[in-house]
Each structure stands twice: as structure tokens, then as C-alpha cells.
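S.K.: Let me begin by handing over the structure; questions about it come next.
Number of protein chains: 2
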Amino acid sequence: MEMWPANASIREVGPRDGLQNEQPVPAADKVRLINALSHTGVRRIEAVSFVHPKAIPQMADADEVWAAVDKVSDVVYSALVPNQRGLNRAMEAGFDQIEVVVSASDTHNRRNINRSTAESLDEIAALQAVKPAEVIIATSFGCPYEGDVDPLRVAQIVDRVVADGAPRVAFGDTTGMATPIRVRAVIGAVRERHPDLPVLLHFHNTRGTGLANILTAIELGITEFDASVGGLGGCPYAPGATGNVATEEVVHMLHDMGIDTGIDLDRLIEVAAMAQEIVGRELPSGVLRAGPRSRTVA
Amino acid sequence: MEMWPANASIREVGPRDGLQNEQPVPAADKVRLINALSHTGVRRIEAVSFVHPKAIPQMADADEVWAAVDKVSDVVYSALVPNQRGLNRAMEAGFDQIEVVVSASDTHNRRNINRSTAESLDEIAALQAVKPAEVIIATSFGCPYEGDVDPLRVAQIVDRVVADGAPRVAFGDTTGMATPIRVRAVIGAVRERHPDLPVLLHFHNTRGTGLANILTAIELGITEFDASVGGLGGCPYAPGATGNVATEEVVHMLHDMGIDTGIDLDRLIEVAAMAQEIVGRELPSGVLRAGPRSRTVA
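In order, the protein sequences belong to chains E and U. Each residue of the first sequence is one higher than the one before, counting from 1 in the UniProt record's numbering. Each residue of the second sequence is one higher than the one before, counting from 1 in the UniProt record's numbering.
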């Protein structure tokens, strides 16, 4: 299809965003997972976050995990940091790619980190002066407390973080409230003001719309997506609900559509099975359960 | 969006296609489910199938169920029949809307009903002479035994059934092998030869692509879809795999996109909870678990 690109780039967020929303697992399992992902052909892995262990015990061993990972030269590993202290830890650990988060919704930002969105934006500006970082704008497509989020508000946050030095921006569908019309609205509002800004989309499949949203973004020319192997990661606001879109479901659909990701799908499915074994619960990935469409019954 | 229609029509298939692929449930529960669905605003319900009880014990009580249902005047109820005997039973029971099935893939047709596709097409022609019926072409987007199915083969089956009197055709993604490119290929091949034929699409969400496929079809101007309340119905070829797309996930996405279905989403979610209670297992519907995006946390 002429309207589809030849390539898309996946950032694997299972080790960080996924495991951060699961019951804690041993450091050795995290290392094993990251090492296995490094050999699937994926080029970007969000490996750890440097957050306070009281706030997020799942990431208390970030330094230990990262030190033990076999770094693969053609994979870019990134770390999420909440503040200056986290940034220092990430830079000491040798991370070059840094991500920071702010919620478009004030209520979500306050509940999440006890600050207003404006206060977080000031802190992020200070961080950008030290080290340019990707800004992930959470609740870009809706807030579980406030409901709809005005795309103009999201675009204004982009204005601010770009002015403060953010080289790239990601839009997070934190609790799976995006639908194709919301994706078009947010991307449209942002593009009108920042037509050349590199953007990445981060969808959750909480209400089944994950791949429909990715398809919509692909049709808008977006080619960078977060995804989580096996669909690792729950949703704190809806027990049992699906979290991040499963990497192998994204790759499976894109490859069938002729859009290459550089990822070996069979190998990725093996890693999804490992992720399922590590967390000890059935993960929501359909491609993990059923296999790719090319796997025929004997 | 100018490219999206104002309305879409859902046929609820949970009572038949859904329950046929679950462990058997009492007739009274089937009646309760159909009655509740009749008051959601949905206008079409596939209620039962008249098949041999040895082949499909889940539908052995079709006559009993249908006799006990409170028929609502603005709902069109349909029945699936496999052969002349089933058609006779359906007509005696008072059904006016009849569906028959044939698989585009010869191997799937043989494994399913021990006949070649050509033999089934001859039988369907004989049925159409008695009573015009919608033909559901299973495995239109891929076969779990043969793999890819040539869209031209699907189009040629359409040629045949239309010539034999089928007033409308449905394309079944029997084991969830459709992706957006497959949807475009099948619809393109059929439309080239039958631009005005009423068509309906029936997707399974086995590999997560259900709503992406519906979005693609919507963009192609298709407005009729099968869906199953709660996502009732498994997949015989992949234990634990998701079956039909969940009606409330479809309705939730379409309504948010401004495409009306006439269905009351809140009421539908209540029926999905009832369906879950009836089958006694957690159904795969994200909208059932998490609620609609409009349901904010207090």
C-alpha cells in the first residue's frame, strides 16, 4: 500500500514499563530478559528506570541489573528518570538515552508524583539543561481521573518541552483511552505547530484499540512505537486489564502489512514465552498464545 | 472524519457463534442472554444454529431456546443452518433470516464438514433455490491448515454464490488470520466484480488485530460487522485464544469515533458481565474489564 511506510521502529519497554507494573521479579530474570531481547533484532530497549525504591520497588535493583546486562552494540538502551537524582544515577551508569515523563492531565500528574504539570515542566526544563531527554507526555489521549484531555493542551506541553530543549517527544496512552479519532486529533494538533518533531507513540491495549491506534498512526506517517514483549505490564486503574500493546502483536501485524521492523518474530515469541515464565501469569498476547498467522496446523 | 460513515450495523453472534465454542450451558441461560441482548439496541442477533446435536452438542436445544425467547419486534433474529434438514427446522421455527457457511479453503471445509468446497457450494445452491440465505465464507483471510487463501479464490466463490441467489455475503476470519492488508485485498477483489453486493465482515481477535481490521473495513466503506458479547467463543485451533471480537469493544471504538450503532454501551456491558457469569470464565473483553474510556476513577 502506498500509504504505508517500508519500515517502523519499535522500542521494547517490557523490562521497564512492563516489569514496573508486575509483581517484583529477581534481578537475574530482568538481566536474562534484556539479554534475550537484545538478540531479537530490536534496536531500542527501555532497560530500567532510576526511581526511588520506596516509590517503585520493582526497579530498586536498576544499577545491579544494568551492570549485569550484556550490552549489544547495535541496540540503543534507554533509562527513565523522574528527577535530577535519577538523571545523575543514569548518567553514572553510562546511559546516553534518557526519558522523562510528565502527565498532560494535572490530576494524573499530582496523583502520580505529587506535583502539578507546571511544576514538573519546570523540573524537566532544568534536566534538559544538563542532558537533553525525550519527554513522554502521559495521559495524552485521556486521563482516568479527568476524562478527555484537550489535544491543544497536549500541543502546548509540546511547545514548552521543545522550547526547553527536548529533542523528541512521546505520547503515552497511559490507561488505554486512545481510539483512532483521538490519535488523529493529538497528532494533528502537534503537527500543526511542530511538523518536523520526531514523535513516538505509546499505546496500551486496555480496551482493545492498541493495534487500531497503531494502524491510524502508521497512516499518519508515524513510524516509532513503544511495545512490551508478551504485553508485560498491567494497568493500576483496572485490575486484570491489559497493559502495553504486546510487541509480537505489533510486529506480527506490521510485518504482514509489508512494514519491516528488523525484528525476528519467531525469536521474539520465544522471549515472550520467557517473559510469561518470569512473571508466572498468562500474558495477554494473542500472538504468543496462538502463534503467528503463518503457523499452520499439521 | 469525512472518511468515516455516520452509522454501522452490528450483528450480535454471541448466542450462536460464541456459545457454540464454549462449554455447553443450559437452555435457560441462552434464553436469558438473547432476551437481554434484545434490549441493548442491537438490531440483529444470530440466535441459534440448527445443526446435528452429535456434531455440535452446544446447539442441541436450539428449538427449545428459540421457542422460549421473547421476540422483540425491531430485532432481526437469524439462524445458521448446515444443510436442507437444518433449513427445514429453521423455517419451521419461523426464522426468516438464514445463514449458511462454506470455507474458502478446501482443507478447512473438509475438516469441518467432510466435504470439498465445491460440494458445499452445490448444496448451498440447492438451499438457495428453497430459501435465499446469506453465505458466510469462512477462512476468507487465511486457513489454519493451508495458510494464505488467495483473494481471487474468495472472489470466485462470491461469483458462484451470487449466481446461485445469495442476497448477501459475509467474510469470516475464522481463526484470526486477517490483518489490514488482507482485508483490503479480499474486499478489493470482491468489489471489483460485485461493487454493489451487501457484505458483512466477521473478525476474530485471535492475534489482536480485530479492531484494526474493522477500522480498515470502515475506511473502505463497509458498515456491517459480526461481534460477540464479551468476546464469547474460543478458538478450537489455539486453546485459550480469543475468539470473536467483543461487541462492546467494537461499539466502544465506533461510538468514540462518532459512528453510531444504535446500541446502549452501558447496557451492553451489563450483558457482557452476564455472559461471563453464564460461561463461568473470564471473558477477554477489555471494555468489560476496564469499562468504557468515559468511566473515570473517583
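Note that beta-carbon positions come from the ideal geometry of N, C-alpha and C, so glycine has one too.
Evaluate the contact criterion for the stretch 249–266 of chain U versus the stretch 97–115 of chain E: three or more CB pairs, one atom per stretch, below 8 Å.
M.R.: Verdict: no, contact absent.
S.K.: Pick out whichever of U/R289, U/D96 and U/L200 has its Cα sitting closest to the Cα of U/I218.
M.R.: The residue given as residue 218 of chain U occupies position 218 in the second sequence. Closest by alpha carbon: U/L200.
S.K.: Kindly indicate the opening and closing residues of the beta strand (DSSP E) around E/G210.
M.R.: One-based indexing of the first sequence puts residue 210 of chain E at position 210. Unbroken run through E/G210 is the alpha helix (DSSP H), G210 to E219; no beta strand (DSSP E).
S.K.: Find out if the Cβ-Cβ distance for the pair E/D17, E/N205 is shorter than 8 Å.
M.R.: Walking along the first sequence from the start, residue 17 of chain E turns up at place 17. Walking along the first sequence from the start, residue 205 of chain E turns up at place 205. Cβ distance not < 8 Å, so E/D17 and E/N205 don't count as in contact.
S.K.: Rounding to the nearest angstrom, what Cα-Cα distance links U/A60 and U/Y77 in this structure?
M.R.: Taking the second sequence and counting its residues from 1, one reaches residue 60 of chain U at position 60. Taking the second sequence and counting its residues from 1, one reaches residue 77 of chain U at position 77. In a straight line, the C-alpha of U/A60 is about 18 Å away from that of U/Y77.
S.K.: Tell me which same chain residues have a C-beta within less than 6 Å of the C-beta of U/A238, skipping the five on either side of it?
M.R.: Position 238 of the second sequence holds residue 238 of chain U. Confidence is the limiting factor: at U/A238 the pLDDT is only 49, short of 50, which leaves the residue's position unreliable, though a coordinate-based value still follows. For U/A238, where only same-chain residues beyond five positions count, there are no Cβ hits under 6 Å.
S.K.: Using the three-state DSSP reduction, which class does U/L283 fall into: helix, strand or coil?
M.R.: Along the second sequence, read from residue 1 onward, the residue named residue 283 of chain U stands at position 283. U/L283 falls in the coil class under three-state DSSP.
S.K.: Helix, strand or coil, according to DSSP, for E/I259 in the structure here?
M.R.: In the first sequence, residue 259 of chain E corresponds to position 259, counting from 1. Three-state DSSP puts E/I259 in coil, outside helix and strand.
S.K.: With H, G and I counted as helix, E and B as strand and the rest as coil, what does DSSP make of E/N21?
M.R.: Counting from one through the first sequence, the residue named residue 21 of chain E turns up at place 21. The answer is coil: DSSP assigns E/N21 none of H, G, I, E or B.
S.K.: If you count every other CB in all the chains shown that lies within 10 Å of the CB of U/E248, and 16 or more means buried, which is it?
M.R.: Locating residue 248 of chain U in the second sequence gives position 248, where the first residue counts as 1. Buried, by the Cβ-count rule.
S.K.: What does E/S9 pair with, by DSSP beta-bridge criteria?
M.R.: Taking the first sequence and counting its residues from 1, one reaches residue 9 of chain E at position 9. BP columns for E/S9 point to E/E224.
S.K.: Report the rounded CA-to-CA distance for U/T175 versus E/R295, giving the unit in angstroms.
M.R.: Locating residue 175 of chain U in the second sequence gives position 175, where the first residue counts as 1. Locating residue 295 of chain E in the first sequence gives position 295, where the first residue counts as 1. Distance between the alpha carbons of U/T175 and E/R295: 12 Å.
S.K.: Please classify E/N213 as buried or exposed, where buried requires at least 16 other C-beta atoms within 10 Å of its C-beta.
M.R.: As a first step, residue 213 of chain E is located in the first sequence; it is residue number 213 there, counting from the start. Buried, since its Cβ has 16 or more Cβ neighbours within 10 Å.
S.K.: Going by alpha carbons, who is nearest to E/V69 out of E/V154, E/S38 and E/L80?
M.R.: In the first sequence, residue 69 of chain E corresponds to position 69, counting from 1. That would be E/S38, whose Cα lies nearest to the Cα of E/V69.
S.K.: Applying the criterion that 16 or more other CB atoms from any shown protein chain within 10 Å of the CB defines a buried residue, is U/H52 buried or exposed?
M.R.: Translated into the one-based positions of the second sequence, residue 52 of chain U becomes position 52. Under this definition U/H52 is an exposed residue.
S.K.: Does the beta carbon of U/T247 come closer than 8 Å to any beta carbon on chain E?
M.R.: As a working mapping, residue 247 of chain U is identified with position 247 in the second sequence. Output row for U/T247: interface = no.
S.K.: Who are U/R89's beta bridge partners in DSSP?
M.R.: For the purposes of this step, residue 89 of chain U is taken as the residue at position 89 of the second sequence. DSSP lists no partner for U/R89.
S.K.: So E/S38 is in the alpha helix (DSSP H); what residue range does that whole segment cover?
M.R.: Here residue 38 of chain E is taken as the residue at index 38 of the first sequence, counted from 1. It spans A27 to S38 - the alpha helix (DSSP H) in which E/S38 sits, taken as one unbroken run.
S.K.: Between the Cα of U/P15 and the Cα atoms of U/I181, U/E119, U/R32 and U/R153, which residue gives the shortest distance?
M.R.: Counted from its first residue, the second sequence places residue 15 of chain U at position 15. Selected option, being the one with the closest Cα: U/R32.
S.K.: Would you give the residue range spanned by the beta strand (DSSP E) that U/R43 belongs to?
M.R.: By one-based count along the second sequence, residue 43 of chain U stands at place 43. First-last for U/R43: undefined, no H or E at that position.
S.K.: On the premise that E/G230 lies in contact with E/S285, defined as a C-beta separation below 8 Å, what is that separation, rounded to the nearest angstrom?
M.R.: Within the first sequence, numbered from 1, the residue matching residue 285 of chain E stands at position 285. Within the first sequence, numbered from 1, the residue matching residue 230 of chain E stands at position 230. Their Cβ separation, rounded to whole angstroms, is 5 Å, which keeps E/S285 and E/G230 in contact under 8 Å.
S.K.: Kindly say whether E/D150, judged by its beta-carbon, lies nearer than 8 Å to any beta-carbon of chain U.
M.R.: Within the first sequence, residue 150 of chain E is the residue found at index 150, counting from 1. So no, E/D150 is outside the interface.
S.K.: Are E/V92 and E/L80 closer than 8 Å when you measure CB to CB?
M.R.: Within the first sequence, residue 92 of chain E is the residue found at index 92, counting from 1. Within the first sequence, residue 80 of chain E is the residue found at index 80, counting from 1. The displayed chain sequence assigns Glu, not Val, to residue 92 of chain E. Not closer than 8 Å, so no.
S.K.: Beta-carbon within less than 7 Å of E/N83's beta-carbon, same chain only, minus the 5 sequence neighbours each way: which residues are those?
M.R.: Counted from its first residue, the first sequence places residue 83 of chain E at position 83. For E/N83, where only same-chain residues beyond five positions count, the Cβ hits under 7 Å are E123.
S.K.: What does a CB cutoff of less than 7 Å around E/V287 pick up in its chain, not counting 5 residues either side in sequence?
M.R.: Position 287 of the first sequence, counted from the first residue, corresponds to residue 287 of chain E. Around E/V287: A246, E248, E249, H252 and I269.
S.K.: DSSP state of U/Y237, grouped into three classes?
M.R.: In the second sequence, counting from the first residue as 1, residue 237 of chain U sits at position 237. Legend: pLDDT at U/Y237 = 48, less than 50; position of this residue unreliable, value from coordinates given subsequently. DSSP places U/Y237 in coil when its eight states are reduced to three.
S.K.: Quick check: what's the CA-CA separation for U/D226 versus U/V42?
M.R.: The count along the second sequence starts at 1 and reaches residue 226 of chain U at position 226. The count along the second sequence starts at 1 and reaches residue 42 of chain U at position 42. When rounded, the distance between both Cα atoms is 11 Å.
S.K.: Check whether the Cβ atoms of U/N7 and U/D260 sit closer than 8 Å, and answer yes or no.
M.R.: Counting from 1 along the second sequence, the entry for residue 7 of chain U is found at position 7. Counting from 1 along the second sequence, the entry for residue 260 of chain U is found at position 260. Taking 8 Å as the Cβ cut-off, U/N7 and U/D260 qualify as a contacting pair.
S.K.: Under DSSP, the alpha helix (DSSP H) around U/L127 begins and ends at which residues?
M.R.: Residue 127 of chain U sits at position 127 when you count from the first residue of the second sequence. That run of the alpha helix (DSSP H) goes T117 to V130.
S.K.: What does the Cβ neighbour count give for E/V190, buried or exposed, with the cut at 16 atoms within 10 Å?
M.R.: Mapped onto the first sequence, residue 190 of chain E falls at position 190. Under this definition E/V190 is a buried residue.
S.K.: Here's the rule I'm using: 16 or more other beta-carbon atoms within 10 Å means buried, otherwise exposed. How should U/R89 be labelled?
M.R.: Along the second sequence, read from residue 1 onward, the residue named residue 89 of chain U stands at position 89. Buried, by the Cβ-count rule.
S.K.: With a threshold of 8 Å between beta carbons, is U/G14 in contact with chain E?
M.R.: By 1-based counting over the second sequence, the position of residue 14 of chain U is 14. No - not a single Cβ of chain E is within 8 Å of the one on U/G14.
S.K.: Check the DSSP bridge columns for E/G172 and list the partner residues they point to.
M.R.: Translated into positions along the first sequence, residue 172 of chain E becomes position 172. E/G172 pairs with E/H202.
S.K.: Chain U partners of E/G177, CB-CB under 8 Å?
M.R.: Position 177 of the first sequence, counting from 1, holds the residue named residue 177 of chain E. What sits at residue 177 of chain E in the sequence shown is Met, not Gly. Under the 8 Å cutoff, chain U gives R293.
S.K.: Take U/L211 as the anchor and find which of E/A28, E/P180 and E/A273 has the nearest alpha-carbon.
M.R.: Here residue 211 of chain U corresponds to residue number 211 of the second sequence, with the count starting at 1. Considering only alpha carbons, the answer is E/P180.
S.K.: By DSSP's criteria, U/A246 is part of a beta bridge. Which residues make up the other side?
M.R.: Counted from its first residue, the second sequence places residue 246 of chain U at position 246. For U/A246, which the question treats as bridged, DSSP gives the partners U/S228.
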